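For the sequence shown, the tail end lands on 628 under our numbering, and the numbers increase by one without skipping.
Glycine residues also receive a C-beta, built at the ideal position from the N, C-alpha and C atoms.
Keep in mind that this is a model prediction, so the values were computed, not measured.
What follows is a short report on a single structure.
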Amino acid sequence: MKPLIVVCTDFSACSEKALQRGAEIAAREDTRVFLIHVCGPRKGPAPGAPEWDSKLWYDDAMGELKRARHKHFSDLSDTDVQYDAIPSAHPASAICKIAKETAASLIVLGSHGRTGLLRQLLGSVAETTVRHAPCSVFVVRDDPERA
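What follows is the structure, encoded as structure tokens:
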């Protein structure tokens, strides 16, 4: 069976670069791809606003993943590319769990390159994934001007 790589996206410009790199690796190494979007539940924007609609979120995320699949992985067969949107309050943990469950040989994800207080407040999905992943992790950095 072909090796599998997990390619992660949050649909940002930085993730777009990770998708491109994941597609390059998949084509060169002849791998299967599991394309994922992991996001925590969200509250409404203000008191009294409607609660987070998980079905709407899932449908929107799956639509974006389908577009990403066709844009970046169209050279691969449908059986070689799977995609899913996973709700999780802890994206790095979910990414590592998926990599372990699928016996992935590589995780590809983007990093916004935040530093200092902003990184401490927001955390780093990429850093936590690197520390806890059951396989190698390829981190694609964002442009320094955008970080």
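The stretch 586-593 makes contact with the stretch 482-497: 3 or more CB pairs, one atom from each, lie closer than 8 Å. Note that the C-beta distance between Val620 and Leu590 is below 8 Å. Under DSSP, Gln563 shares a beta bridge with Phe515. The stretch 532-542 and the stretch 574-583 do not touch, with fewer than 3 CB-CB distances between them shorter than 8 Å. Ala549 places its beta carbon 8 Å or farther from that of Thr610. Counting only residues of its own chain and dropping the five nearest sequence neighbours on each side, Pro615 has a CB closer than 7 Å to the CB of Cys577, Ala580 and Lys581.
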